[in-house]
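Chains as they are written, first to last, in numbering that gives the first Met the number 0: chain A, 0 to 193; chain R, 0 to 193; chain X, 0 to 193; chain B, 0 to 193.
Where a beta carbon is used, it is the ideal one built from N, C-alpha and C, also for glycine.
Report on one structure; see the data block that follows.
Protein chains: 4
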Amino acid sequence: MKLSEKKLYKKKQAIILSAVKIVNQKGYQGATMEEIAAELLMTKGSLYYYFKNKEDLIFQCHEMVLGQAIGELQDCFNEDISNEQRLRKMIAIHIRYAIEEKETFNMIIKPDQTFSKNQLSPILKKRNEYASWFDQVIQKGIAEGDFSIQEPKIARMLLLGSMNWIQQWYSPDGDKTIEELQALYADYLLKVVK
Amino acid sequence: MKLSEKKLYKKKQAIILSAVKIVNQKGYQGATMEEIAAELLMTKGSLYYYFKNKEDLIFQCHEMVLGQAIGELQDCFNEDISNEQRLRKMIAIHIRYAIEEKETFNMIIKPDQTFSKNQLSPILKKRNEYASWFDQVIQKGIAEGDFSIQEPKIARMLLLGSMNWIQQWYSPDGDKTIEELQALYADYLLKVVK
Amino acid sequence: MKLSEKKLYKKKQAIILSAVKIVNQKGYQGATMEEIAAELLMTKGSLYYYFKNKEDLIFQCHEMVLGQAIGELQDCFNEDISNEQRLRKMIAIHIRYAIEEKETFNMIIKPDQTFSKNQLSPILKKRNEYASWFDQVIQKGIAEGDFSIQEPKIARMLLLGSMNWIQQWYSPDGDKTIEELQALYADYLLKVVK
Amino acid sequence: MKLSEKKLYKKKQAIILSAVKIVNQKGYQGATMEEIAAELLMTKGSLYYYFKNKEDLIFQCHEMVLGQAIGELQDCFNEDISNEQRLRKMIAIHIRYAIEEKETFNMIIKPDQTFSKNQLSPILKKRNEYASWFDQVIQKGIAEGDFSIQEPKIARMLLLGSMNWIQQWYSPDGDKTIEELQALYADYLLKVVK
DNA sequence: GATGAATGAGGCTTCATTCAT
DNA sequence: TATGAATGAAGCCTCATTCAT
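See below:
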C-alpha cells in the first residue's frame with residue numbers, strides 16, 4: 000500500500016508541476032485542463048481521477064509552492080547570522096522564487112479571481128504565513144537595534160511588492176544575472192529598513 | 000461631419016470607460032462583451048460597430064488610461080520644484096493610479112496574456128514611455144547631485160514594482176489613507192535613491 | 000415592440016414543443032440540448048438565448064402543458080351539466096392529455112429527479128392545482144348526493160393513477176380508439192365513486 | 000466448482016441488490032457504476048467481472064425482482080380461497096411491491112428508455128407474465144360468476160395502473176398505512192370488476 | 001478475482017463574433 | 001446605428017468501459 004500511495008503522490012506531483020507551468024504561461028483562465036494533461040501525455044479525463052476539478056488542482060499547486068517557500072524562509076530564520084545577513088538571504092530566496100517559480104507565484108497575486116470562497120481562506124492564511132517571516136525578521140532587527148523603520152508592515156509590503164515585480168521584466172538574456180539582482184535589491188531594500 | 004465624428008468619439012470613450020470598469024472588476028477574461036454593453040444600456044452586437052473586436056477594445060482602454068497617466072507625469076516633470084519634491088509627487092501620482100485606476104493598471108501588468116503580437120508592441124512602447132519619466136527624474140536628480148544610485152534602471156523598477164503591489168492589499172477600509180500611503184512610500188523610496 | 004415580443008414568444012413556444020417531444024421519447028436525461036435544437040434546425044448554442052439552461056427549458060415545458068390542461072378542466076367544471084357528466088368529461092380530458100401529450104405528462108411523474116429545489120415548488124403547486132379540480136368535482140358530487148365515497152382524496156389518486164398508466168400500453172394501432180377508452184374508463188371509474 | 004459457482008451467484012445477487020437500491024433512488028441514468036460498487040465496498044472495475052455492462056446489470060435487476068413478484072402471485076393463485084379474496088390478496092401483493100420495491104418497479108415502467116432492443120423482448124415477456132396472473136384471476140372470477148366486467152384486459156390495466164401510481168405520492172409519514180391502502184384499494188377496485 | 005488507472009465520447013454551458021434587418 | 005438572433009468553437013466535467021497487473 001505504501002508503494003501505491005507513493006505512486007499516487009508522485010503522479011499528483013507531476014500533474015501539479017505541469018499545471019504550474021501552464022497556468023503561469025497563460026494565467027488561470029487561459030490554462031486548460033486539456034493542455035495540462037497533454038503536457039504529461041494524458042487525457043484531460045484522467046486529471047479528474049486525481050483532482051476534483053480545475054479549482055482543486057490549482058489550489059494544490061498553490062499549496063505546494065508556497066509551502067516549499069515557507070520552509071526555506073523558516074530555515075533561514077533559524078540560522079545563526081546577523082539580522083542584516085538574514086534579511087539579505089530572505090530577499091535572495093524570494094527573488095529566486097519570484098523569478099524561477101514565477102509560474103506559481105503569479106497565482107498568489109490575484110487569488111480572489113481564481114478561487115472560490117472555500118479555498119480562499121486557506122490560501123490567504125498561507126500567504127500571511129509567508130509574509131509573517133519577513134515581518135519577524137524586521138521586528139527582530141528593530142528589537143535588536145539593527146533596523147529602524149516606523150511602519151514595519153508597510154515596509155514589508157514595499158519589499159515584497161518590489162521583488163514581485165521583477166518577474167515582469169526579468170529575462171535570462173538580460174544584462175543582469177539573478178545573483179546580481181539579489182545583491183542589488185538587498186542593498187537597496189536594506190536602505191529602506193535601516 | 001465634424002459633429003458626427005465628435006459623437007462617435009464620445010461614444011467610443013463611453014464604451015472604453017465601461018470596459019475599464021468591468022475589466023478591472025473581473026479581469027480580462029472575466030469581462031464579457033455583454034456586460035460591457037449592458038453597463039451602457041446597449042447590446043453587445045453594437046460594440047462591434049465601434050471596435051473591431053474585444054482585443055481592440057481592451058487595447059484602446061489601455062491606451063487611454065496610460066496616456067492620461069503619462070500626461071500627468073509630464074506636467075509634473077515640467078513643474079519648477081526640487082527633484083526630491085518632483086519624485087515625491089510622481090510617486091503620489093503613480094500610487095493614486097495604481098489604487099484608483101487599479102482597474103486598468105492591471106492590464107498593464109501582464110499584457111502578453113491579454114494582447115496579441117500586433118498590439119503588444121505599441122503597448123510596450125507606451126509602458127516604456129511611462130517608465131521613462133521616472134528614469135528622467137532620477138537621472139536629473141543624479142546629475143544635479145540630489146540623488147545617488149548606481150543602477151538607476153533597476154532602482155526605477157524597484158520603485159514602480161513596490162507601488163504596483165499596493166493594490167494587492169490596499170482597502171479603503173484599511174487603517175491607512177491614500178495620502179498616508181503616498182507620504183510613507185515617498186519617504187521609504189527616497190531612502191533608496193538618495 | 001409588440002411584434003418582436005410575439006416573435007420571441009412564438010420561438011420559445013416552438014422550442015418548448017420540440018423539447019416536449021424529445022424529452023418524452025428519451026426522458027429528461029436522455030434528451031440532449033443538441034437534439035432539441037436540431038429538431039428546429041438550430042444549434043444548441045441558440046437555445047441559451049431563449050432559456051437559461053436545460054432545467055429552465057424543461058421547467059417551462061411543464062408549466063405550459065399543465066397550464067393548458069388546467070384551463071380545460073376549469074372550463075369543464077363551469078359547464079352546466081350533471082356531476083356524472085362532468086366527471087366523465089374530465090376523465091376524457093385527462094385521458095386525452097395522458098395519451099396525446101404523453102410527452103409532457105411524463106415529466107410530471109418524477110419531478111424531483113428532474114428539477115432543483117427552486118423549481119420544484121411551483122411545479123408541485125401546479126400539480127396540486129390540477130388535481131384539485133378532480134377533488135372539487137368529487138366533493139360536489141358527494142355534496143349533491145351523486146357520488147358516495149369515503150376517502151375522496153384516495154379515490155382521486157386512484158382515478159388519476161389508473162389513467163396515467165394508459166400511456167404505458169396505449170398504441171394508436173391497438174384495437175381500442177381513444178374515444179372507446181375514454182368511455183370505458185369513465186364507466187369503470189364511475190363505479191368507484193358511486 | 001459447485002462452491003465457487005455458488006459464491007459467484009451470491010456475489011451477483013449482492014450486486015443486483017445494491018444496483019436495485021441505487022437505481023431507484025436516482026433512476027437509471029442517475030445511478031452510476033461507481034456508486035453501485037461503493038455500496039459493496041468494491042471498485043467499479045470489478046463489476047465488469049460479473050456483468051457485461053450496465054445495461055446487463057440493470058436487466059438482471061429487473062429479472063430478479065419481477066421474478067420474485069411473479070412467484071408470489073402464482074402462490075396466491077393456487078391458494079384455496081374465494082376469487083374475491085384472491086384478487087384482494089393479489090392487490091395487496093402488488094401494492095406492497097409498488098411501494099417497498101418501488102425502486103425496481105420503476106424500471107418496469109419505462110423499459111424502452113432503459114433497455115436496448117435485445118433485452119426489451121424478455122422484459123416485456125416477463126411483464127406480460129406478471130400481468131397475466133391478474134388476467135387469470137379476473138377470468139376465473141367471471142367464469143365462476145363472481146365478477147362481471149366487459150373488457151377484462153382494460154380493467155386489469157386500470158387496476159395495475161392505479162396501484163402503480165401510489166408510489167408517486169405514498170409516504171411512510173403520511174396518514175395512511177400500507178395496510179389501510181391495501182384495504183381501500185381492494186374495496187374500490189373490486190367495485191370495478193364486480 | 002479485484003483494482004488502480006486511463007480513456008474518450010458526450011453533455012452542458014459560455015461567449016466572441018457575425019449579419020440581416 | 002443599433003439590435004435581435006444565431007453560430008460554433010472551446011471549456012469543464014461525468015462516466016461507462018477497458019486493461020495491465
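Problem set entry | Completely contained beta strand (DSSP E) runs for the segment 88-164 of chain X, where each covers 3 or more residues | Complete beta strand (DSSP E) runs here, min 3: none at all.
Exercise. If you compare alpha carbons, which of R/Tyr169, R/Asn163, R/Leu46 and R/Arg85 is closest to R/Leu189?
Worked result: When each option's Cα is compared against that of R/Leu189, the closest is R/Arg85.
Exercise. What is the DSSP secondary structure of B/Lys1, reduced to helix, strand or coil?
Worked result: In the structure shown, B/Lys1 sits in a helix (DSSP, three-state: H, G or I).
Exercise. Can you give the Cα-Cα distance for B/Val192 and X/Ser147, rounded to whole angstroms?
Worked result: B/Val192 and X/Ser147 have their C-alpha atoms roughly 18 angstroms apart.
Exercise. Is the distance from the Cβ of A/Val136 to the Cβ of A/Glu100 below 7 angstroms?
Worked result: No. Outside cutoff.
Exercise. Given that a residue counts as buried once 16 or more other Cβ atoms are within 10 Å of its Cβ, and exposed if not, what is R/Asn117?
Worked result: With a 10 Å radius around the Cβ and a threshold of 16 neighbouring Cβ atoms, R/Asn117 comes out exposed.
For this session: Report yes or no: do three or more beta-carbon pairs, one from the segment 120-129 of chain R and one from the segment 60-79 of chain R, lie closer than 8 angstroms?
Result: Yes, the segment 120-129 of chain R touches the segment 60-79 of chain R.
Problem set entry | Secondary structure of R/Ala237, DSSP reduced to three states | Missing from the structure shown is residue 237 of chain R; chain R here goes from 0 to 193 and no further.
Problem set entry | Within 7 angstroms, strictly: CB atoms of B/Ala36 and B/Leu46 | Between B/Ala36 and B/Leu46, the C-beta spacing is below 7 angstroms.
Problem set entry | Beta-carbon proximity list for R/Phe43, same chain, < 6 angstroms, skipping 5 on both sides | A small correction: the amino acid at residue 43 of chain R is Lys; Phe does not occupy that position in the sequence shown. Cβ contact annotation for R/Lys43 (same chain, cutoff 6 angstroms, sequence separation greater than five): Met32, Glu33 and Ala36, in chain order.
Problem set entry | Nearest-angstrom Cβ-Cβ length linking X/Arg87 and X/Ala185, presumed shorter than 8 angstroms | In this structure X/Arg87 touches X/Ala185 by the C-beta definition: roughly 4 angstroms separates them, less than 8 angstroms.
Exercise. Given that a residue counts as buried once 16 or more other Cβ atoms are within 10 Å of its Cβ, and exposed if not, what is A/Leu72?
Worked result: By the neighbour-count criterion, in which 16 or more other beta carbons inside 10 Å mark a residue as buried, A/Leu72 falls on the buried side.
Exercise. Going along chain B, which residues have a C-beta under 8 angstroms from X/Trp164?
Worked result: X/Trp164 reaches chain B at Met156, Leu157, Leu159, Gly160, Ser161, Asn163 and Trp164, counting residues in chain order whose Cβ is nearer than 8 angstroms.
Problem set entry | Contacts of R/Glu83 in chain A (Cβ-Cβ under 7 angstroms) | In chain order: nothing, as chain A lies at least about 15 angstroms away.
For this session: Going by CA-CA distance only, name the one from B/Ala68, B/Met41 and B/Glu150 that's closest to B/Trp132.
Result: B/Trp132 has its Cα closest to that of B/Ala68, out of B/Ala68, B/Met41 and B/Glu150.
Exercise. Would you say X/Ile153 faces chain B, with C-beta separation under 7 angstroms as the test?
Worked result: At least one chain B Cβ lies under 7 angstroms of X/Ile153.
Exercise. Where does X/Asp186 sit, in a helix, a strand or coil, going by DSSP?
Worked result: In the displayed model, X/Asp186 falls within a helix according to three-state DSSP.
For this session: Within its chain, find whatever has a CB closer than 8 angstroms to the CB of R/Leu198; leave out the 5 residues flanking it on each side and keep chain order.
Result: Only positions 0 to 193 of chain R appear in this structure, which leaves residue 198 of chain R out of reach.
Exercise. Can you round the beta-carbon distance between X/Ala97 and X/Ile165 to whole angstroms, since I take them to be within the 8 angstroms contact cut?
Worked result: X/Ile165 and X/Ala97 do touch by the CB rule: their CB atoms are close to 6 angstroms apart, below 8 angstroms.
Exercise. What is the residue span of the alpha helix (DSSP H) that X/Ile35 lies within?
Worked result: Its alpha helix (DSSP H) spans residues Met32 to Glu38.
For this session: Below 8 angstroms CB to CB, which residues in the same chain sit around B/Lys10 once its five sequence neighbours on both sides are set aside?
Result: Leaving aside the five residues that flank B/Lys10 on each side, the residues in its chain whose CB is nearer than 8 angstroms to its CB run, in chain order, Tyr49.
For this session: Starting from the C-beta of R/Ala83, find all residues in its chain whose C-beta is less than 7 angstroms away, skip the five residues before and the five after it, and write them out in chain order.
Result: Sequence check: residue 83 of chain R is Glu here, not Ala. Answer for R/Glu83: Asp145 and Leu189, listed in chain order.
For this session: May I ask you to list, following chain order, the residues of the segment 25-52 of chain X that have a beta carbon less than 9 angstroms from some beta carbon of chain B?
Result: For the segment 25-52 of chain X, the residues whose beta carbon sits under 9 angstroms from a beta carbon of chain B are, in order, Lys25, Gly26, Tyr27, Gln28 and Gly29.
Problem set entry | Local conformation of B/Tyr48 per DSSP, three classes | Correct three-state label for B/Tyr48: helix.
Exercise. Do the CB positions of R/Gln112 and A/Gly26 come within less than 7 angstroms of each other?
Worked result: Yes. Within cutoff.
For this session: Examine chain X for any beta-carbon lying closer than 7 angstroms to the beta-carbon of B/Gln112, and answer yes or no.
Result: Cβ-Cβ to chain X under 7 angstroms: yes for B/Gln112.
Exercise. Using a C-beta to C-beta distance shorter than 9 angstroms, which residues of chain X count as neighbours of B/Leu183?
Worked result: Chain X residues near B/Leu183: Gln149, Glu150, Ile153, Ala154 and Leu157.
For this session: Have a look at R/Tyr129 and A/Lys175 and give me their C-alpha separation to the nearest angstrom.
Result: Cα to Cα, R/Tyr129 sits roughly 22 angstroms from A/Lys175.
Exercise. Which residue from B/Gly173, B/Asp74, B/Ala30 and B/Ile80 puts its Cα closest to that of B/Leu56?
Worked result: Comparing Cα-Cα distances from B/Leu56 to each of B/Gly173, B/Asp74, B/Ala30 and B/Ile80, the minimum goes to B/Ala30.
Exercise. Which same chain residues, not among the five before or five after B/Ser170, have their C-beta less than 8 angstroms away from its C-beta?
Worked result: Counting only residues of its own chain and dropping the five nearest sequence neighbours on each side, B/Ser170 has no CB closer than 8 angstroms to any other CB.
Exercise. Listing by chain order, which chain X residues have their CB less than 8 angstroms from the CB of B/Trp132?
Worked result: At a C-beta separation below 8 angstroms, B/Trp132 has no neighbours in chain X, since its nearest C-beta there lies roughly 17 angstroms away.
Problem set entry | Nonlocal neighbours in the same chain, by C-beta distance under 8 angstroms from X/Glu54, ignoring five residues either side | Non-local C-beta neighbours of X/Glu54 in its own chain, meaning closer than 8 angstroms and more than five positions away in sequence, comprise Thr113, Phe114, Ser115 and Gln118, ordered along the chain.
Problem set entry | Burial state of B/Gln181, where buried means 16 or more other Cβ atoms lie within 10 Å | B/Gln181 comes out buried.
Problem set entry | Backbone CA spacing between X/Asn77 and B/Asp74 [nearest angstrom] | Rounded to whole angstroms, X/Asn77 to B/Asp74 spans 50 angstroms at the Cα level.
Exercise. Cβ of R/Val22 less than 7 angstroms from any chain A Cβ?
Worked result: No, because no Cβ of chain A sits closer than 7 angstroms to the Cβ of R/Val22.
Exercise. Closest Cβ-Cβ distance between R/Tyr129 and chain A: below 7 angstroms?
Worked result: Put simply, the CB of R/Tyr129 is far from chain A, with every gap to its CB atoms at 7 angstroms or more.
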